[in-house]
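S.K.: Just dropping this structure here.
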Amino acid sequence: VAPAQRPPSCRLSSEMPPRSRSRSRSKGRDEKKKDAPERSGEQEIVSVAIKQLPADIRERLEKLFEEGLLKEGDLDLRSITVFASLNEGLQARVMNHMEGERIYVANARSKSGFLIATCDKAKTGCLDARGLGAIDPWRTALVAMATPKQKMVDLQPERDWIDKYEEGKAIKIKVNVGDKKGEVDGKDTVEMELPLSETSAVVKEKLVSLGIKTLPANRMKLHQEPCGFLKDRFSFAYYNLEDGVTLTLSARKRAGTRFRADHTVMPKRPRTQQAPGEAPPAAPAPA
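According to my numbering, the sequence shown is numbered sequentially starting from 4.
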């Protein structure tokens, strides 16, 4: 009688070696060891980026690390880059917010995310109640609403307009000289006839030849409604000017802003009380 054989399942289970759990544990340790150099390298870059901040801002940020509010590895390179992209005024506001809201910084799940969110709030003026020293998020919309919409004018092609008035035909042009009438014999308007192929530069030269000396030709501007200011490179036919058109003379002023308000500096509050020891202002003498 042949000996009884064991079922295949029993034979396989008896031949399998016991499972070792040391491999999975060692694998996790190896991955942590591989990630450690990468993290240390990133922290070195972060420390270099912090050292490149302005001196007072850097000292205040390093003080948070010394106090234990921030620890090494809490801030990544992206958060420091966003913080460094702000001007010094907004950087100071971000530091004031972080120093004043320590409880929120300490309990933040991500210190880097908290810093980035604070920088975004500083850009939109949400860190301070009045939004001083930051970008007004509604300014663009309000300016767009207050700016009048430009009128669109449908002009005929220049060649078609010349054919309409015949080739070389002159049109009568009236120029309102405004406050320059004293230089043209006291006349409010000056009349001239020019062909449609000419430009506004010829009108300016004629005004100078008629006696306007205080306003040179390069500073003259000619306005026509509804086309606006005429450019010297375009002819009268380009603007579809008709016979008897009226132009208004004005002076070209220097472009740009001479004084620009610095919104990064907190404006000084008006003095409503006297300083201690300061004498009261003298009363005005009776008339």
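In this text, a Cβ means the ideal position worked out from N, Cα and C, and glycines have one as well. Predicted model only: the values in this text are computed from it and were never measured.
Quick check on Phe68: does DSSP put it in helix, strand or coil?
M.R.: In the sequence shown, counting from the first residue as 1, residue 68 sits at position 65. Reduced to three states, the DSSP call for Phe68 is helix.
S.K.: What ranges does the alpha helix (DSSP H) occupy inside the stretch 161–235, keeping only unbroken runs of at least 4 residues that lie completely in it?
M.R.: Fully enclosed alpha helix (DSSP H) runs of 4 or longer: 161–167 and 203–212.
S.K.: Would you tell me roughly how many angstroms separate the C-alpha atoms of Ile165 and Val248, rounded to the nearest one?
M.R.: Here the question's residue 165 lines up with position 162 in the sequence shown. Here the question's residue 248 lines up with position 245 in the sequence shown. If I take the Cα positions, the gap works out to 16 Å.
S.K.: Under the rule that 16 or more other beta-carbon atoms within 10 Å means buried, what is Lys114, buried or exposed?
M.R.: Looking up residue 114 in the sequence shown gives position 111. By the 10 Å Cβ count, Lys114 comes out buried.
S.K.: Would Ser200 pass as a contact of Ser238 if the rule is Cβ separation under 7 Å?
M.R.: Counted from its first residue, the sequence shown places residue 200 at position 197. Counted from its first residue, the sequence shown places residue 238 at position 235. Yes; because the gap between Cβ atoms is below 7 Å, this pair is in contact.
S.K.: In the DSSP output, which residue or residues are listed as bridge partners for Ser50?
M.R.: As a working note, residue 50 is residue 47 in the sequence shown. For Ser50, which the question treats as bridged, DSSP gives no partner whatsoever.
S.K.: Do you know how far the Cα of Tyr107 is from the Cα of Phe117?
M.R.: Taking the first residue of the sequence shown as position 1, residue 117 is located at position 114. Taking the first residue of the sequence shown as position 1, residue 107 is located at position 104. Going by the C-alpha atoms only, they are around 9 Å apart.
S.K.: Classify Arg112 as buried or exposed, calling it buried when 16 or more other Cβ atoms lie within 10 Å of its own Cβ.
M.R.: Stepping through the sequence shown from its first residue, residue 112 is reached at position 109. Arg112 should be labelled exposed.
S.K.: To the nearest angstrom, how far is the alpha carbon of Ile60 from that of Gly128?
M.R.: In the sequence shown, residue 60 corresponds to position 57, counting from 1. In the sequence shown, residue 128 corresponds to position 125, counting from 1. Ile60 and Gly128: Cα-Cα distance of roughly 20 Å.
S.K.: Going straight from the alpha carbon of Gln54 to that of His100, what length do you get?
M.R.: Along the sequence shown, one-based indexing puts residue 54 at 51. Along the sequence shown, one-based indexing puts residue 100 at 97. Here the sequence assigns Lys to residue 54, which means Gln is not the residue at that position. The alpha-carbon atoms of Lys54 and His100 are separated by roughly 21 Å.
S.K.: Using the Cα positions of Leu218 and Glu194, report the straight-line distance between them to the nearest angstrom.
M.R.: In the sequence shown, the residue the question calls residue 218 occupies position 215. In the sequence shown, the residue the question calls residue 194 occupies position 191. Each residue's alpha carbon lies about 18 Å from the other.
S.K.: Do Arg96 and Ala58 have their beta-carbon atoms positioned less than 7 Å apart in this structure?
M.R.: On the sequence shown, residue 58 is found 55 positions in, with the first residue counted as 1. On the sequence shown, residue 96 is found 93 positions in, with the first residue counted as 1. Against a cut-off of 7 Å, the Cβ pair of Arg96 and Ala58 comes out as no contact.
S.K.: Since I believe Ala52 is in contact with Thr84 (beta carbons under 8 Å), could you give me their beta-carbon distance rounded to a whole number of angstroms?
M.R.: Locating residue 84 in the sequence shown gives position 81, where the first residue counts as 1. Locating residue 52 in the sequence shown gives position 49, where the first residue counts as 1. Yes, they are in contact, since the Cβ atoms of Thr84 and Ala52 sit about 7 Å apart, within 8 Å.
S.K.: With DSSP as the reference, label Thr150 as helix, strand or coil.
M.R.: Counted from its first residue, the sequence shown places residue 150 at position 147. Looking at Thr150 - three-state DSSP - the assignment turns out to be coil, as it is neither helix nor strand.
S.K.: Going along the chain, which residues of its own chain have a beta-carbon closer than 8 Å to the beta-carbon of Val49, five neighbours each way excluded?
M.R.: For this step, residue 49 is matched to residue 46 along the sequence shown. If we look at Val49 and ignore the five residues flanking it on each side, its Cβ neighbours are Leu78, Asp79, Leu80 and Ile83.
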